[in-house]
């Protein structure tokens, strides 16, 4: 049981912080299907910088990891400006824009990974090899039966994600900016009438989404795969989108959805190991979160209430 909880959290928490980014964007009224692309590009930037500076630090130093997190956040936020440009400036279809950003990110990161490996490291490789992040155990709390697994062998980034998630919740629901952002998704004309710029608020929401997606991407790379390549995050971003829809665009229910997906995956892996099933079944287990997503969306999506202005380009003259 402890293994299921530990591995489930390492899968669910990066997913959760990406889903929060999606919530920010969609609460502002902009459809966000580009989470996967933002995740991938942010992780690419962070992984490249981490590999580039790794030689300047001791092999066990955590500093490259934290540098990678910073640059992943910056990379994801900057790449999100493409989506902002298409949706806000040119008023393109937001669904199509998200798909384009995803395709562009996958192609661009695949090409640049090979190019940078050849130029900077003299290696013919399509990935950046990272180390697995070190783990820590919280004394006393880790001794609690069952629940103690939450505080056992945790990645440092899990603490960062929990802190970032709490800050995101506070900004969303306890600040004036969060109030204006949520209003942009339901009644943007009221926000405009109050003297606030709908475009600037939506731009901020898109950049925040990119930053949080990049954070989730680099954390996923440092935990699940221990390397970066353009194919490690395939499907992960769409799972985050499914989680926020299932969570009805609210942060705490979205956390529950992410934990459900994470424990389904880790529980499936553990079941394969306990039953000593062939390794090929592990590939089948990887589909469990996605199958679960389909089932949940089939039964619960009709009860969800998306922001009223979601997907609609803001026209100041329209009423």
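Numbering (the numbering used here), first residue to last: 33 to 351. Using N, Cα and C, we set each Cβ at its ideal position, and we do this for glycine too.
If we ignore side chains and look at the alpha-carbon of each, how far apart do residue 76 and residue 131 end up?
Their backbone Cα atoms lie some 19 Å apart in a straight line.
What are the partner residues of residue 168, as DSSP defines its beta bridges?
For residue 168, which the question treats as bridged, DSSP gives the partners 186.
For residue 105, the first and last residue of its enclosing alpha helix (DSSP H)
It spans 95 to 116 - the alpha helix (DSSP H) in which residue 105 sits, taken as one unbroken run.
Residue 310, buried or exposed, once every other Cβ within 10 Å from all chains shown has been counted against 16
So residue 310 ends up on the exposed side.
If we cut at 7 Å on Cβ distances, does residue 252 have a partner in chain D?
Among the protein chains of the structure shown there is no chain D, as only one such chain exists.
What separation, rounded to the nearest whole angstrom, lies between the Cα atoms of residue 138 and residue 263?
Cα-Cα distance, rounded: 8 Å.
Report the rounded CA-to-CA distance for residue 337 versus residue 328, giving the unit in angstroms.
Each residue's Cα considered, the two are about 15 Å apart.
If residue 60 and residue 307 are in contact, beta carbons under 8 Å, what's the gap, nearest whole angstrom?
The Cβ separation is near 46 Å, so there is no contact.
What distance in whole Å lies between the Cβ atoms of residue 39 and residue 301, which are believed to be in contact at a cut-off of 8 Å?
Taking the Cβ atoms as the reference, residue 301 lies roughly 7 Å from residue 39, within the contact range of under 8 Å.
Alpha carbon to alpha carbon, what distance is there between residue 222 and residue 215?
If you take the alpha carbons of residue 215 and residue 222, they lie about 8 Å apart.
Check the C-beta distance from residue 34 over to residue 181 and give it rounded, since I have them as a contact under 8 Å.
For residue 34 against residue 181, the beta-carbon gap comes to about 4 Å, under 8 Å, which counts as contact.
Under 7 Å between C-beta atoms of residue 123 and residue 345
Going by C-beta atoms, residue 123 is nearer than 7 Å to residue 345.
So residue 261 is in the alpha helix (DSSP H); what residue range does that whole segment cover?
In the DSSP annotation of this structure, residue 261 is not part of any alpha helix (DSSP H); the continuous beta strand (DSSP E) holding it starts and ends at 259 to 261.
In the segment 250 to 291, which residue ranges form an unbroken alpha helix (DSSP H) of at least 4 residues, counting only runs that do not cross its ends?
Residue ranges of uninterrupted alpha helix (DSSP H) with 4 or more members, entirely inside the segment 250 to 291 and ordered along the chain, are 268 to 278.
CB of residue 286 within 7 Å of CB of residue 275, strictly
Yes, the Cβ-Cβ distance between residue 286 and residue 275 is below 7 Å.
Anticipated Cβ contact below 8 Å, residue 159 with residue 259, distance rounded
Indeed they touch by this definition, with Cβ atoms about 5 Å apart.
Determine the direct distance from the alpha carbon of residue 304 to that of residue 115, and round the result to whole angstroms.
Rounded to whole angstroms, residue 115 to residue 304 spans 41 Å at the Cα level.
Check whether the Cβ atoms of residue 218 and residue 340 lie closer than 7 Å to each other.
Yes; because the gap between Cβ atoms is below 7 Å, this pair is in contact.
Considering just the uninterrupted stretch of the beta strand (DSSP E) at residue 146, what are its terminal residues?
Going by DSSP, residue 146 is part of no beta strand (DSSP E) but of the alpha helix (DSSP H) stretching over 126 to 153.
Which residues in the same chain as residue 153 place their Cβ atom closer than 8 Å to its Cβ, once the five residues preceding and following it in sequence are excluded?
Correct list, in chain order: 83.
Could you pull out every residue in the same chain whose Cβ sits closer than 7 Å to the Cβ of residue 43, ignoring the five residues on either side in sequence?
Closer than 7 Å at Cβ, skipping near neighbours: 256, 294, 297, 298.
Alpha-carbon to alpha-carbon, residue 173 and residue 208
Distance between the alpha carbons of residue 208 and residue 173 is about 36 Å.
What are the boundary residues of the beta strand (DSSP E) that residue 161 is part of?
Its beta strand (DSSP E) spans residues 159 to 161.
For the segment 100 to 109 against the segment 237 to 244, do three or more pairs of beta-carbon atoms, one drawn from each stretch, fall closer than 8 Å, so that the two count as touching?
Yes: the two stretches touch, three or more of their Cβ pairs being nearer than 8 Å.
Take residue 79 as the anchor and find which of 203, 97, 93, 62 has the nearest alpha-carbon.
Of 203, 97, 93, 62, the residue nearest in Cα terms is 97.
Return helix, strand or coil for residue 318, following the three-state DSSP convention.
Coil, per DSSP.
With DSSP collapsed to three states, give me the class of residue 243.
Residue state, collapsed to three classes: helix.
Own chain, CB closer than 8 Å to residue 220, minus 5 neighbours either side, in chain order
Excluding sequence neighbours, residue 220 sits near 61, 230, 341, 346.
On the three-state DSSP scale, how would you describe residue 35?
In the structure shown, residue 35 sits in a helix (DSSP, three-state: H, G or I).
Relative to the C-alpha of residue 290, which candidate in 224, 282, 272, 281 has its C-alpha closest?
Closest option to residue 290, Cα to Cα, is 272.
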